[in-house]
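Student: After the structure tokens below, expect a handful of questions from me.
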Amino acid sequence: MVHRDRNYNPKERARTIDQQIVNMRANFPNFECKRSRNKATWIGLLQPTPSSNSYKVEIKYQVGDIPRVFVRAPALETRRGENKIPHTYSKNEICVYLPGSNEWRPTMFIADTIIPWTSVWFFYYETWLATGKWCGGGTHPEKRTPYIKSDTEKSRRDAI
Amino acid sequence: MSITMLRKATSRRFPSSATQQLDDLLYQICDKLQLSQTQFKLAEERYKVVGDWLSKEDSPLYRYLPKIYPQGSLKIGTTVKPKGQVEFDLDLVCELKIDHRLITPYQLIMQVWDRITSNETYKSLAELKKRCVRLNYKKEFHLDILPACLDTEMGGTCIRIPNYNKTNNTWNWAASNPKGYAQWFEDKCKFRLVKEEAIEGVDPVPEPEDVDNKPTLKLAVQLIKRWRDIVFENREDIPSIILTTLIAQLYRGESSVSDCLTSILYGIVSMISQSPEPLEVPNPTNQEEDFAEKWQKDPGLYESFCLEISKFKEQWNNMLQLKGIDRKAKVLSRLFGEDIVTSVIEEFAQRISAYRKDDSLYVSKSSGFLTNNKSSQSILVRKNTFYGA
Numbered sequence: 014m015v016h017r018d019r020n021y022n023p024k025e026r027a028r029t030i031d032q033q034i035v036n037m038r039a040n041f042p043n044f045e046c047k048r049s050r051n052k053a054t055w056i057g058l059l060q061p062t063p064s065s066n067s068y069k070v071e072i073k074y075q076v077g078d079i080p081r082v083f084v085r086a087p088a089l090e091t092r093r094g095e096n097k098i099p100h101t102y103s104k105n106e107i108c109v110y111l112p113g114s115n116e117w118r119p120t121m122f123i124a125d126t127i128i129p130w131t132s133v134w135f136f137y138y139e140t141w142l143a144t145g146k147w148c149g150g151g152t153h154p155e156k157r158t159p160y161i162k163s164d165t166e167k168s169r170r171d172a173i
Numbered sequence: 131m132s133i134t135m136l137r138k139a140t141s142r143r144f145p146s147s148a149t150q151q152l153d154d155l156l157y158q159i160c161d162k163l164q165l166s167q168t169q170f171k172l173a174e175e176r177y178k179v180v181g182d183w184l185s186k187e188d189s190p191l192y193r194y195l196p197k198i199y200p201q202g203s204l205k206i207g208t209t210v211k212p213k214g215q216v217e218f219d220l221d222l223v224c225e226l227k228i229d230h231r232l233i234t235p236y237q238l239i240m241q242v243w244d245r246i247t248s249n250e251t252y253k254s255l256a257e258l259k260k261r262c263v264r265l266n267y268k269k270e271f272h273l274d275i276l277p278a279c280l281d282t283e284m285g286g287t288c289i290r291i292p293n294y295n296k297t298n299n300t301w302n303w304a305a306s307n308p309k310g311y312a313q314w315f316e317d318k319c320k321f322r323l324v325k326e327e328a329i330e331g332v333d334p335v336p337e338p339e340d341v342d343n344k345p346t347l348k349l350a351v352q353l354i355k356r357w358r359d360i361v362f363e364n365r366e367d368i369p370s371i372i373l374t375t376l377i378a379q380l381y382r383g384e385s386s387v388s389d390c391l392t393s394i395l396y397g398i399v400s401m402i403s404q405s406p407e408p409l410e411v412p413n414p415t416n417q418e419e420d421f422a423e424k425w426q427k428d429p430g431l432y433e434s435f436c437l438e439i440s441k442f443k444e445q446w447n448n449m450l451q452l453k454g455i456d457r458k459a460k461v462l463s464r465l466f467g468e469d470i471v472t473s474v475i476e477e478f479a480q481r482i483s484a485y486r487k488d489d490s491l492y493v494s495k496s497s498g499f500l501t502n503n504k505s506s507q508s509i510l511v512r513k514n515t516f517y518g519a
């Protein structure tokens, strides 16, 4: 998988890793941060609702790459009889935004975007486990995204 | 008569504690179980028309000044939709001003039956049952009309109701006091827990008075009745009146319905374990009547009740310790039914989604709790699209 951020534009003033670290510490002080050069890894707990589990997540970010979100504990579960968890890249990496869209830009703070989305993701994950329905919306790679989808592409797909 | 609706606020607030979150979920379950306001109005309309028919001047019952009024769960606001059945069972009393010594039980019920079936509409709906004349409104409810006359021996609001005895094929009188019972129950609902803070000298913050506030005791009764419907094949095995009475007697004024269930389950299981004989559940408004007569006659029923209620208590207490909406939901599904729990959780998720769509969903700093409270301690959840297979 390519982790370069398609939205990364060196001319645009991306937040530096120091800015990200300071901002994370201010907003989510319970996250531990490890840093090396322009890379940072944060590990901390998120709990979407008082009845929810607390999830240990690891956020990896390098300026110029996309931020990545890994669930470290507890291991994500599938529903009985199914082998997939919605909106995940792998067994423990979750996808909280649409790559290539403007939802995430390197000018933004992780604490303002990735972290809230992750907490919301866990909320939908738990209600999905309980009901079988993902109520949080989203899109899938095979379906392409509405904003990329051109009319010709749509009619081609409809023809199939 | 008034219908007590659920706290409307529960569908709007964001829970700030696990107890509150569970309470909200339980309110929603009760809301789905009970008669809706529309159904309630329809039932009220229907029984008023029946009442008119019975008490019209040309009715043979006219001279007894028949009065129709609701009793049981309809009266006290604890209706629960029977499992796997569309129709609610609603009980009405048709009280006649006549001394029970001046008429036989059979005469009484037949007079009501004859009058009802002399109406073409009711004729096709009516069915004679062992204590009542039932009107079957398909897909709505069964209106059970219990003919009654005054119990002048007991006095007060006591009445006598014809009761068919299958074993010797006879009709006799059953004693009842639905008005007295409803009053007793409503008084129990008003019980308020004296908060510990108050004892320590801190004035408790008074809870805002809300007319839509359904008393916690009523919610607890609905939930335990629902559990009964889920666990026992035949809901008649554990009559609602036994459960309602036990629960009301054990209620200590908790305002949280989950706290209330915890202490009631503890209370019932303790009572059972301390009693060498099957529990007696005397009618609080007529000590001579034991609601749990069934248990003395059929110890098997009592045994299975004891076993199931202990299991309920264990599962409930385990559920309280669990973390995860999904894990709690799994236990709640077992107790109150999967369909209802699933739809309540789905609606909760959809409510959160509505906030998100509306740009009014936030997460609390540090914890990540979702909230609708915009403050320096929360961060807006910006628009995002979950991606990935």
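So the sequence lines, in the order shown, correspond to chains A and B. Take any residue in the first sequence, note its place counting from 1, add 13, and you have its number in the working numbering. Take any residue in the second sequence, note its place counting from 1, add 130, and you have its number in the working numbering. Ideal Cβ positions, reconstructed from N, Cα and C, are used throughout, including at glycine. Note that the structure is a prediction, hence the values are computed from the model and not measured.
#1: If you compare alpha carbons, which of B:Val210, B:Glu407 and B:Pro414 is closest to proline 308 of chain B?
#2: Please compile the residues from chain B whose C-beta is within a distance smaller than 7 Å of the C-beta of asparagine 40 of chain A.
#3: Which residues in the same chain as lysine 113 of chain B place their Cβ atom closer than 6 Å to its Cβ, once the five residues preceding and following it in sequence are excluded?
#4: Hey, out of B:Ile354, B:Thr297, B:Lys259 and B:Lys197, whose CA is closest to leucine 156 of chain B's CA?
#5: Tell whether a beta-carbon distance below 8 Å holds between leucine 395 of chain B and phenylalanine 442 of chain B.
#6: Throw me the rounded Cβ distance for the glutamate 419 of chain B and alanine 305 of chain B pair, which I believe falls under 8 Å.
#7: Would you kindly work out how many angstroms separate the C-alpha atoms of arginine 81 of chain A and valine 109 of chain A, rounded to a whole number?
#8: In angstroms with no decimal places, state the Cα-to-Cα distance between leucine 89 of chain A and glycine 145 of chain A.
#9: Mapping the DSSP letters down to three states, classify proline 334 of chain B as helix, strand or coil.
#10: To the nearest angstrom, how far is it from the Cα of serine 370 of chain B to the Cα of isoleucine 246 of chain B?
#11: Quick check on the DSSP output: the alpha helix (DSSP H) that includes leucine 238 of chain B runs from which residue to which?
#12: Buried or exposed for histidine 16 of chain A, going by 16 or more other Cβ atoms inside 10 Å?
#13: So, does the CB of isoleucine 360 of chain B fall closer than 8 Å to a CB anywhere in chain A?
#14: Report the residue from B:Cys319, B:Tyr294, B:Gln352 and B:Glu444 whose alpha carbon sits nearest the alpha carbon of valine 210 of chain B.
#15: With a cut-off of 8 Å on the beta carbons, I'd call leucine 265 of chain B and lysine 227 of chain B a contact; round off their distance for me.
#16: Using a Cβ cut-off of 8 Å (strictly closer), state whether lysine 453 of chain B contacts chain A.
#17: With a 10 Å radius around its C-beta and 16 neighbouring C-beta atoms as the bar for buried, classify leucine 437 of chain B as buried or exposed.
#18: Let's see if you can read the secondary structure: which residues bound the beta strand (DSSP E) around leucine 58 of chain A?
#19: Between glutamate 45 of chain A and the rest of its own chain, which residues show a CB-CB distance below 6 Å, the 5 nearest in sequence each way excluded?
#20: Could you check the C-alpha separation between valine 216 of chain B and lysine 269 of chain B for me, to the nearest Å?
#21: Would serine 434 of chain B pass as an interface residue toward chain A - the criterion being a Cβ-Cβ separation below 8 Å?
#22: Hey, quick one: how far does the alpha helix (DSSP H) through leucine 152 of chain B stretch, first residue to last?
#23: Please tell me whether, using a cut-off of 7 Å, the distance from the CB of glycine 151 of chain A to the nearest non-hydrogen atom of the ligand ZN is below it.
#24: Near glutamine 282 of chain B, what residues of its chain come up, given a Cβ to Cβ distance below 7 Å and the 5 sequence neighbours on each side ignored?
#25: Is the distance from the Cβ of tyrosine 177 of chain B to the Cβ of leucine 222 of chain B below 8 Å?
#26: Please identify the residue among A:Glu95, A:Gly151, A:Gln60 and A:Ile79 whose C-alpha is closest to the C-alpha of proline 87 of chain A.
#27: Along the chain, where does the alpha helix (DSSP H) that runs through valine 179 of chain B open and close?
#28: Could you say which of B:Leu204, B:Glu476 and B:Ser505 lies nearest to glutamate 139 of chain A if we only look at CA atoms?
Tutor: Straight from the coordinates:
#1: Here residue 308 of chain B is taken as the residue at index 178 of the second sequence, counted from 1. Minimum Cα distance to proline 308 of chain B is reached at B:Pro414.
#2: If you number the first sequence from 1, residue 40 of chain A lands on position 27. Chain B residues near asparagine 40 of chain A: Lys495 and Ile509.
#3: Residue 113 of chain B cannot be examined here, being either before or after the span of chain B that is shown, 131 to 519.
#4: Locating residue 156 of chain B in the second sequence gives position 26, counting from the first residue. The candidate whose alpha carbon is nearest that of leucine 156 of chain B is B:Ile354.
#5: Numbered from its first residue, the second sequence carries residue 395 of chain B at position 265. Numbered from its first residue, the second sequence carries residue 442 of chain B at position 312. Yes, the pair counts as a contact, with Cβ atoms nearer than the cut-off.
#6: Along the second sequence, read from residue 1 onward, the residue named residue 419 of chain B stands at position 289. Along the second sequence, read from residue 1 onward, the residue named residue 305 of chain B stands at position 175. Correct: roughly 6 Å between the Cβ atoms.
#7: Here residue 81 of chain A refers to the residue found at position 68 when the first sequence is read from its first residue. Here residue 109 of chain A refers to the residue found at position 96 when the first sequence is read from its first residue. Distance between the alpha carbons of arginine 81 of chain A and valine 109 of chain A: 9 Å.
#8: Stepping through the first sequence from its first residue, residue 89 of chain A is reached at position 76. Stepping through the first sequence from its first residue, residue 145 of chain A is reached at position 132. Between leucine 89 of chain A and glycine 145 of chain A, the C-alpha separation is close to 15 Å.
#9: Start at 1 with the first residue of the second sequence, and residue 334 of chain B comes out as number 204. The pLDDT assigned to proline 334 of chain B is 41, lower than 50, so where the model puts this residue is not dependable; a value taken from the coordinates is nonetheless given after this. In this structure, proline 334 of chain B counts as coil in the three-state DSSP scheme.
#10: Sequence index remark: in the second sequence, residue 370 of chain B carries index 240 (1-based). Sequence index remark: in the second sequence, residue 246 of chain B carries index 116 (1-based). Rounded to whole angstroms, serine 370 of chain B to isoleucine 246 of chain B spans 28 Å at the Cα level.
#11: The residue labelled residue 238 of chain B in the question sits at position 108 within the second sequence. Note, leucine 238 of chain B: alpha helix (DSSP H), 235 to 247.
#12: Taking the first sequence and counting its residues from 1, the one referred to as residue 16 of chain A is at position 3. Burial call: exposed.
#13: Sequence index remark: in the second sequence, residue 360 of chain B carries index 230 (1-based). Not an interface residue.
#14: The residue you call residue 210 of chain B lines up with position 80 of the second sequence. Ranking the options by Cα distance to valine 210 of chain B, first place goes to B:Gln352.
#15: As a first step, residue 265 of chain B is located in the second sequence; it is residue number 135 there, counting from the start. As a first step, residue 227 of chain B is located in the second sequence; it is residue number 97 there, counting from the start. So it is not a contact: roughly 23 Å between Cβ atoms.
#16: Within the second sequence, residue 453 of chain B is the residue found at index 323, counting from 1. By this cut-off, lysine 453 of chain B is an interface position.
#17: Walking along the second sequence from the start, residue 437 of chain B turns up at place 307. Per the 10 Å Cβ criterion, exposed.
#18: Residue mapping note: residue 58 of chain A aligns to position 45 of the first sequence, counting from 1. Segment 52 to 59, the beta strand (DSSP E) holding leucine 58 of chain A.
#19: Residue 45 of chain A sits at position 32 when you count from the first residue of the first sequence. Correct list, in chain order: Ile56.
#20: In the second sequence, the residue the question calls residue 216 of chain B occupies position 86. In the second sequence, the residue the question calls residue 269 of chain B occupies position 139. In a straight line, the C-alpha of valine 216 of chain B is about 5 Å away from that of lysine 269 of chain B.
#21: As a position in the second sequence, residue 434 of chain B is number 304, starting the count at 1. No - not a single Cβ of chain A is within 8 Å of the one on serine 434 of chain B.
#22: Within the second sequence, residue 152 of chain B is the residue found at index 22, counting from 1. Residues 148 to 163.
#23: The ligand ZN is absent from the structure shown, which contains no ligand whatsoever.
#24: As a working note, residue 282 of chain B is residue 152 in the second sequence. Sequence check: residue 282 of chain B is threonine here, not glutamine. Counting only Cβ-Cβ distances below 7 Å, and skipping sequence neighbours, we find Asp229.
#25: Position 47 of the second sequence, counted from the start, is the residue given in the question as residue 177 of chain B. Position 92 of the second sequence, counted from the start, is the residue given in the question as residue 222 of chain B. Contact flag set, yes.
#26: Here residue 87 of chain A corresponds to residue number 74 of the first sequence, with the count starting at 1. Checked all of A:Glu95, A:Gly151, A:Gln60 and A:Ile79; the closest Cα to proline 87 of chain A is A:Gln60.
#27: Start at 1 with the first residue of the second sequence, and residue 179 of chain B comes out as number 49. Looking at the DSSP string, the run of the alpha helix (DSSP H) that includes valine 179 of chain B is 167 to 185.
#28: By one-based count along the first sequence, residue 139 of chain A stands at place 126. The shortest C-alpha separation from glutamate 139 of chain A is found at B:Glu476.
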